[in-house]
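Notes for the one structure printed next.
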Amino acid sequence: MVIQKNLFIVILFLFTQSICTTHLKEQFSQVGYQEICDSDHGIATYDSLYACFDELITFLQANPVWAQKLYIAKERFIRSENRNYYSTDFFGFYDESERAGRNQISFYYSVHFQDFLFSYYQEFKQISQVTNFFARCFAIQQSSRNLFNEVAAQLNVENIFFSKYGHIPILLKAVKYLPSYNPERPHYDGTALSLFLDSTDNQSLLLSPYRLVFTVDDFFSPSRKFCRSYNQNSIVLIPGTLLTEFSIYPTPHIVQQSGKIRYATIAFAMRPHYTFQKNNFSLLPNFKS
Ligand SMILES: [Fe+2]
Numbered sequence: 005m006v007i008q009k010n011l012f013i014v015i016l017f018l019f020t021q022s023i024c025t026t027h028l029k030e031q032f033s034q035v036g037y038q039e040i041c042d043s044d045h046g047i048a049t050y051d052s053l054y055a056c057f058d059e060l061i062t063f064l065q066a067n068p069v070w071a072q073k074l075y076i077a078k079e080r081f082i083r084s085e086n087r088n089y090y091s092t093d094f095f096g097f098y099d100e101s102e103r104a105g106r107n108q109i110s111f112y113y114s115v116h117f118q119d120f121l122f123s124y125y126q127e128f129k130q131i132s133q134v135t136n137f138f139a140r141c142f143a144i145q146q147s148s149r150n151l152f153n154e155v156a157a158q159l160n161v162e163n164i165f166f167s168k169y170g171h172i173p174i175l176l177k178a179v180k181y182l183p184s185y186n187p188e189r190p191h192y193d194g195t196a197l198s199l200f201l202d203s204t205d206n207q208s209l210l211l212s213p214y215r216l217v218f219t220v221d222d223f224f225s226p227s228r229k230f231c232r233s234y235n236q237n238s239i240v241l242i243p244g245t246l247l248t249e250f251s252i253y254p255t256p257h258i259v260q261q262s263g264k265i266r267y268a269t270i271a272f273a274m275r276p277h278y279t280f281q282k283n284n285f286s287l288l289p290n291f292k293s
C-alpha cells in the first residue's frame, strides 16, 4: 500500500514537472514571453539604482582617466578564466551617448567582475559612485538568481548551468537611453534567458515569438497584469539564442524610440563554458524603412 502511494506521488510529480516544462516552452513559442510579478523590488529599488547610475556616468564622463582604467580592467578580466564562466565579453561601462542611432549608456555588472576589480584595482573601492552603484546591482542580481533557477528547472535545462561556481552566471545590465536613441532593427539576445526587470517606459519594448519570417507588424508590447509600483514590478522573461538544442528559440525584441530619457534593467542568465554555435536565425525587419 505504501509502495503504491509512493509510486503515485512520483508519477504525479513527474506529470506535474512535464506540464510545467511544456507550459513554459509552449508559452515561449506562442507568445514569446512570460510575465512574472516581482514582489521584492519596485520603484524605490530601481529609482535608486538609476540615481546611482547617473552619478557613476557623471563621474566617469568627468574623469576619463577612471573610465580608461575601468576599460583596462575589463580587458584584463575577459582574458582571465572568469570570462569562460559567462561566455561573453560584455562587462563594464559602455558610453555610446554620441554614437548616432545607439545614443545610450550602459553598464554590464557581474559579481566576478566586481571581485576582480576590487582585488586588482583596489583604488575603485575608494570611489563612492562605483561602490554605491555596485551595491545596488549586487542586491538586484542576487534576487534574480532564484527566479532563474526555478525557470531552468521548469524548462528542464538546469544541467547546463552547473559549474564549479555552483550557480548560474548572471550579468546585470543597467541602461540609459537618450532622447535621440533610434534603433533600426530588433535583435536576439546572446543569452540562455533574459529577464526585463524594470523599465521607466514599458510600452517602448516590443517583441515577437520566434517565426521563420518576420514583419514589423509581428512585434507588439507585452500585455501586463502587474504594474510598476512602490513595492512590486512586472517583469518579463524571454529565451535567448543559447537554448536551441532544447527546441527553445529566441524571442527577438526592440526598444522603440520614445524621444525621452528611458532607463531599464535587464538580468541575463549566461551559459557557463559555452562555445558559440553559429545559428542562422530568421532575419529581422527594418523598423525605419
Ligand atoms: Fe536585448
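Just so you know, we're using my numbering here: the sequence shown kicks off at 5 and counts up by one.
C-beta: ideal position from N, C-alpha, C; glycine also.
Closer than 7 Å by C-beta to R215: which residues in its own chain qualify, once you throw out the five before and the five after it? Chain order, please.
Taken in chain order, the residues that qualify are D222 and S286.
Restricting to Cα atoms, I'd like to know which of I258, L197, I252 and K177 is closest to Q110.
The question names Gln, but residue 110 in the sequence shown is Ser. Selected option, being the one with the closest Cα: K177.
Assuming L199 contacts I270 under a Cβ cut-off of 8 Å, what Cβ separation, rounded to an integer in Å, is found between them?
So it is a contact: roughly 7 Å between Cβ atoms.
Fully enclosed by the stretch 195-277, which beta strand (DSSP E) runs are 3 residues long or longer?
Segments of the beta strand (DSSP E) lying fully in the stretch 195-277: 197-203, 209-211, 237-243, 257-259 and 266-273.
So does D42 have its beta carbon nearer than 7 Å to some heavy atom of ligand 1?
No; taking the cut-off as 7 Å, the Cβ of D42 has no heavy atom of ligand 1 nearer than that.
So which of S262, F250 and V240 has the shortest CA-CA distance to L151?
Nearest C-alpha to L151: V240.
Would you mind sorting P190 into buried or exposed? The rule is 16 or more other CB atoms within 10 Å of its CB.
P190 should be labelled buried.
Figure out for me which residue from I47, H27 and A55 has the closest Cα to the Cα of Y234.
Taking only the C-alpha atoms, the option nearest Y234 is I47.
Closest to S132 by CA distance: which of W70, F120, S91 and T92 is it?
Nearest of W70, F120, S91 and T92 to S132, Cα basis: W70.
Looking at the unbroken beta strand (DSSP E) that takes in S110, where does it start and where does it end?
S110 -> beta strand (DSSP E) spans Q108 to Y113.
On the criterion of 16 or more Cβ atoms from any shown chain inside 10 Å, does N237 qualify as buried, or is it exposed?
It counts as buried.
For N290 and D193, what's the separation of their Cα atoms in angstroms?
Computed Cα separation, rounded: 17 Å.
Look at the alpha carbon of K168 and the alpha carbon of S184, and state the distance between them as a whole number of angstroms.
In a straight line, the C-alpha of K168 is about 43 Å away from that of S184.
In this structure, what does DSSP give as the bridge partners for V179?
According to DSSP, V179 bridges with S110 and A268.
Can you tell me whether DSSP reads F63 as helix, strand or coil?
Reduced to three states, the DSSP call for F63 is helix.
Quick one: what does DSSP say Y169 is sitting in, helix, strand or coil?
Correct three-state label for Y169: coil.
What residues are listed by DSSP as bridge partners for E100?
For E100, which the question treats as bridged, DSSP gives the partners Q108.
So is the beta-carbon of H277 under 7 Å away from any non-hydrogen atom of ligand 1?
No.
May I have the straight-line CA-CA distance separating K229 from P68, to the nearest angstrom?
Using only the alpha carbons, I get a separation of about 43 Å.
For Q38, which residues does DSSP report across the bridge?
Q38 is bridged to L241.
Count the other CB atoms within 10 Å of the CB of C231; is the residue buried (16 or more) or exposed (fewer)?
Burial call: exposed.
Under 7 Å from any heavy atom of ligand 1, does the C-beta of S198 make it?
The answer is yes for S198.
Look at the alpha carbon of F32 and the alpha carbon of L211, and state the distance between them as a whole number of angstroms.
Each residue's Cα considered, the two are about 11 Å apart.
Roughly how many angstroms separate the alpha carbons of F19 and H27, rounded to a whole number?
In this prediction, F19 scores a pLDDT of 43, lower than 50, which makes its location untrustworthy; no coordinate-derived value is stated.
What residues match up with I174 in a beta bridge as DSSP calls it?
I174 pairs with A273.
Grab me the residues of Q21's own chain with a C-beta within less than 7 Å of its C-beta, minus the 5 sequence neighbours each way, in chain order.
Here Q21 scores only 43 on pLDDT, less than 50, and its place in the model should not be relied on; the value that follows carries that caveat. Same-chain partners within the cutoff: there are none.
Can you tell me which residues form a DSSP beta bridge with H191?
DSSP, once it has assigned bridges, lists H257 as partnering H191.
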